[in-house]
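The structure under discussion appears below in the form of structure tokens.
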Amino acid sequence: DDWLAVLDGLTDADLDAMASFPWRDNPERTIAHMVGWVNSELMKNIAELGQLRLLRAARGS
Numbered sequence: 012d013d014w015l016a017v018l019d020g021l022t023d024a025d026l027d028a029m030a031s032f033p034w035r036d037n038p039e040r041t042i043a044h045m046v047g048w049v050n051s052e053l054m055k056n057i058a059e060l061g062q063l064r065l066l067r068a069a070r071g072s
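When we follow the numbering used here, the leftmost residue of the sequence shown carries the number 12, and every step to the right adds one.
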């Protein structure tokens, strides 16, 4: 919910601004790119947690 609130607060100008992380000094990368990158990292982390839960459940059987 906090992440969605942050995203909802961004304006078009905010999204078009240069992102300094994770790409340093690259004016072609914007906050919109960073938001996409963060979302993909979060999805990968959740997928990894899901796999660990499946492994744990399989070992308990």
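Using N, Cα and C, we set each Cβ at its ideal position, and we do this for glycine too.
State the Cα-Cα distance for the pair residue i and residue j, rounded to the nearest angstrom.
i     : j     : result
Leu26 : Ala43 : 5 angstroms
Glu59 : Phe32 : 23 angstroms
Trp14 : Gly71 : 34 angstroms
Looking at the strands, I want to know which residues DSSP matches up with residue i.
i     : result
Thr41 : Met29
Can you tell which of the options has the C-alpha that lies nearest to the C-alpha of residue i?
i     : options             : result
Pro4  : Val46, Ala28, Lys55 : The structure shown does not extend to residue 4, since the chain is modelled only from 12 through 72, so no value can be given for it.
Asp19 : Asp36, Val46, Trp34 : Val46
Does DSSP put residue i in a helix, in a strand, or in coil?
i     : result
Arg64 : helix
Asp36 : coil
Asp23 : helix
Please report the Cβ distance between residue i and residue j, rounded to the nearest whole angstrom; I am assuming they are in contact, meaning their Cβ atoms lie under 8 angstroms.
i     : j     : result
Thr22 : Ala30 : Not really, about 15 angstroms apart at Cβ, beyond 8 angstroms.
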